[in-house]
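Protein chains in written order, with the working numbering: chain S, 3 to 106; chain R, 3 to 282.
What follows is the structure, encoded as structure tokens:
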């Protein structure tokens, strides 16, 4: 592998393994999702907004969706900021850290 | 660490481009963005390679992508939702692109709108161009204030860089409507002094003579680059290496500091006395 015939430190195999592991996790998701991948997220977000708006006023920016993909499970974290009516006292997060499992 | 907090953001757009693929654009975009952020400049790095995104892997945030640049352009998500904060530096952000759409999803108006919004928040906006000179590459360079042309000392790379330099001088907003120039500089990557000494590789002077643009920096061929990409770490944030130091030097020069480039090889530390003075 080495262009210079230099032996590489024992660390190298470790980073190569990290590379392989990262690719396997990522590609497993990408292959399964195919070309219509996580594109449902914008629609999911729009639906969540619509549901919340039936009950209270929120802005589009108030819905925050985070994802963490792991080997066997992915988690989708949806935070919705619901402002209080008073001008000064905005509540930080009405549904903090609500976790929703997706795509086992 | 962040010294610019109270100032208005600079909003400077820098494209990392090359024409040829595989010369180190994404590696360089990640390293330059991280080096700028390390110095306290609020920096975002954007992936323009729609359909073949890789900046997320090089930055190590591939598992955290939810929304992307295309979602923002198409109004499906807010910019704030698509920006991913780097876990190592709080001044560094990533705007990933879509893996599933194609290049037609990029529109000039959309790109301009997103860049304008980013300019209000960031000091430096680093655009990681796709290879080629098609739509994605054209839009990555169109709104640039400055360009870093990543070049290998190899015939096809130098030829493609020359072509890209021509486009930078004509097919950019600055050239078309503002009558100003995009400041373009060459970043020579995969530099190998041993092969130069053996007469097997063009020298820096050879490449600069052909391209006739200033040299921003020289990055040595280095195992540190592969290691950094394996672990998803910009090379300037990974363990110390000659490549990492060379990127730091290049960024100091990008910021206008009068720093000499010392040629440092990863394998043969004997070289660093070889100064390269020509900066212009």
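We put the beta carbon where it would ideally sit given N, CA and C, even for glycine.
Endpoints, beta strand (DSSP E) assigned at residue 22 of chain R
Neither: residue 22 of chain R is in no beta strand (DSSP E) and is coded neither H nor E.
Interface residues of chain R around residue 21 of chain S at Cβ under 8 Å?
231, 232 and 233
Just how far apart, CA to CA, sit residue 43 of chain R and residue 142 of chain R?
21 Å
Beta strand (DSSP E) segments (min. 3 residues) lying fully within the region 177-258 of chain R:
185-193 and 217-222
Would you kindly work out how many angstroms separate the C-alpha atoms of residue 105 of chain S and residue 18 of chain S, rounded to a whole number?
Confidence in residue 105 of chain S is poor, its pLDDT being 41 and thus under 50, which makes the residue's placement too unreliable to answer from.
For residue 213 of chain R, count the other beta carbons within 10 Å of its own beta carbon; 16 or more makes it buried, fewer makes it exposed. Which is it?
buried
Residue 60 of chain S CB to nearest chain R CB: under 8 Å?
no
Under the three-state DSSP convention, the category residue 83 of chain S falls into:
coil
Could one say the Cβ of residue 284 of chain R lies closer than 8 Å to chain S's Cβ atoms, at least one of them?
With chain R running from 3 to 282 in the structure shown, residue 284 of chain R is simply not present.
Taking 6 Å as the limit between beta carbons, can you name the residues of its chain near residue 302 of chain R, skipping five residues before and five after?
With chain R running from 3 to 282 in the structure shown, residue 302 of chain R is simply not present.
Quick one, which of S:80, S:27 and S:85 has its alpha-carbon nearest residue 46 of chain S's?
S:80
Given that residue 17 of chain S touches chain R, what residues does it touch there, using C-beta distances under 7 Å?
229, 232 and 233
Cβ neighbours of residue 162 of chain R in the same chain (closer than 6 Å, five flanking residues each side left out)
21 and 22
Would you please state the rounded distance, in angstroms, between the beta carbons of residue 37 of chain R and residue 128 of chain R? I believe it to be under 8 Å.
That pair is no contact at about 10 Å.
Quick one: residues in its chain with C-beta nearer than 7 Å to the C-beta of residue 114 of chain R, no 5 flanking neighbours on either side, listed in chain order?
145
Let me make sure I understand the geometry here. Which of S:74, S:78 and S:82 has the alpha-carbon closest to that of residue 34 of chain S?
S:74
CA-CA distance, residue 38 of chain S and residue 29 of chain R?
With a pLDDT of only 48 at residue 38 of chain S, under 50, the local geometry of the prediction cannot be trusted, and no value is derived from it.
Alpha helix (DSSP H) containing residue 2 of chain R: first to last residue?
Given that chain R is displayed from residue 3 to residue 282, the structure contains no residue 2 of chain R and the question cannot be resolved.
Closer than 9 Å by beta-carbon distance: list the chain S residues that pair up with residue 263 of chain R, in chain order.
Chain S residues near residue 263 of chain R: none, gap ~22 Å exceeds 9 Å.
At least three beta-carbon pairs within less than 8 Å, the region 177-195 of chain R to the region 49-63 of chain R
no
Length of the line joining the Cα atoms of residue 137 of chain R and residue 84 of chain R
22 Å
Does DSSP put residue 135 of chain R in a helix, a strand or coil?
coil
Rounded to a whole number of angstroms, what is the C-alpha to C-alpha distance between residue 234 of chain R and residue 112 of chain R?
29 Å
Residue 103 of chain R: buried (16+ other C-beta within 10 angstroms of its C-beta) or exposed?
buried
So residue 60 of chain R is in the alpha helix (DSSP H); what residue range does that whole segment cover?
57-61
Looking only at its chain, what residues have a beta carbon closer than 7 Å to the beta carbon of residue 167 of chain R, apart from the 5 residues adjacent to it on each side?
151, 186, 213 and 215
Three-state secondary structure (DSSP) of residue 23 of chain S:
helix
Does the Cβ of residue 140 of chain R have 16 or more other Cβ atoms within 10 Å, making it buried, or fewer, making it exposed?
buried
Beta-carbon within less than 6 Å of residue 95 of chain R's beta-carbon, same chain only, minus the 5 sequence neighbours each way: which residues are those?
46, 85 and 87
Got a sec: which bits of the region 59-80 of chain S sit with their beta carbon under 9 Å from any beta carbon on chain R, in order along the chain?
62, 63, 65, 66, 67, 68, 69, 70, 71, 72, 76 and 78
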